[in-house]
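Right, one structure below, let's go through it.
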Amino acid sequence: MSSPDGAGASQTLAVIDFETTGMSPGMGARATEIAAVLVRNGQIVGRYQSLMRSGAWVPPFITQLTGISNAMLEAAPAAAEVMREVGEFIGDAPLVAHNAAFDRGFWRAECERADVAPPPVDSGFACTLLLARRLYPEAPNHRLGTLKAFHELPDAGRAHRALADAEVTAHLLLRMQRDVERRFEDQIGEEGATHALLLKLQRAPRQRLGDCVRAHRVVCAA
1 MSSPDGAGAS QTLAVIDFET TGMSPGMGAR ATEIAAVLVR NGQIVGRYQS LMRSGAWVPP
61 FITQLTGISN AMLEAAPAAA EVMREVGEFI GDAPLVAHNA AFDRGFWRAE CERADVAPPP
121 VDSGFACTLL LARRLYPEAP NHRLGTLKAF HELPDAGRAH RALADAEVTA HLLLRMQRDV
181 ERRFEDQIGE EGATHALLLK LQRAPRQRLG DCVRAHRVVC AA
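In structure tokens, the structure reads:
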């Protein structure tokens with residue numbers, strides 16, 4: 001079994017979460033809040049959170065869902081400033097999100113608007129939603145709130161606020177890393193449940209996860 005000090009545990013990963021005005025930047029939606037939570041050695045080691053002022057209007061149903069109002073955003077720092085700050089906070093840590101396709105779209109769009117090079121988005125987002133579908137088929141569903149209750153993860157505050165959701169996702173990620181290392185103890189090797197392995201597992205058929213781990217170990221050993 002991978003030790004707590006192996007590469008999977010000691011690698012710093014950045015879990016991010018956006019709150020937004022809508023579902024897609026391609027349809028004009030903008031970010032209203034971002035949080036990033038750094039995990040390493042089985043624990044949370046850093047947090048960043050900020051509202052983001054972009055000038056976009058927040059629909060009433062979004063305010064009802066998130067608690068973020070247009071008045072709150074008027075006093076928030078500019079979106080470009082926030083994206084520069086969070087990029088510096090994350091550095092070169094690989095990225096993780098729950099339903100990563102959503103957050104990846106806003107990450108790219110807001111970085112482009114801010115004229116900043118997106119930190120390591122090209123290495124891929126590990127997605128705890130995709131991983132949960134493969135690792136926990138017995139869960140009632142794979143929404144973040146459901147998985148929080150299913151695994152009895154620590155409470156982090158109001159759902160649909162960026163920092164609370166990012167912290168829950170971070171705890172879910174740490175649980176997943178432990179479960180992968182325990183489940184595939186004989187195949188995983190000393191590298192542990194690294195970001196690179198998680199990227200492969202989230203696309204592997206559920207019945208072939210062990211084969212995926214073994215193939216990844218061969219590549220790492222080459």
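For the sequence shown, position 194 matches number 194 in full-length UniProt numbering, and the numbering has no gaps at all. Idealized CB from N, CA, C, for every residue including glycine. Treat the numbers as computed from the prediction; the structure is a model and nothing was measured.
As summarised for the region 37-84, the continuous beta strand (DSSP E) elements at least 3 residues long and confined to that stretch are 43-51, given in chain order. Taken through DSSP and simplified to helix, strand or coil, Glu88 comes out as helix. Here the C-alpha atom of Ala75 lies approximately 21 Å from the C-alpha atom of Cys111. For Asp186, there is no enclosing beta strand (DSSP E), as DSSP marks it with neither H nor E. Put simply, the region 202-219 does not touch the region 77-96. Fewer than three CB pairs are less than 8 Å apart.
Apart from the 5 residues on each side of it in sequence, Pro25 sits with its Cβ closer than 7 Å to the Cβ of Gly105, Phe106, Ala109 in its chain, given in chain order.
Between the region 136-152 and the region 167-174 there are three or more inter-stretch CB-CB distances shorter than 8 Å, so the stretches are counted as touching. In its chain, beyond the 5 residues on either side, Thr20, Thr21, Gly22, Met23 have a beta carbon closer than 7 Å to the beta carbon of Ala29. Secondary structure of Val116 (DSSP, three-state): coil. Annotation for Asp211: the continuous alpha helix (DSSP H) segment containing it runs 209-221. The straight-line gap separating the alpha-carbon atoms of Phe102 and Val15 is approximately 13 Å.
Taken through DSSP and simplified to helix, strand or coil, Asp17 comes out as strand. Of all C-beta pairs linking the region 128-139 to the region 81-99, three or more are shorter than 8 Å, placing the two stretches in contact. A contact between stretches requires three or more CB pairs, one per stretch, nearer than 8 Å, and the region 84-94 meets this requirement with the region 39-49. Its Cα nearest to that of Met72, the residue Gly55 stands out among Pro94, Arg84, Gly55.
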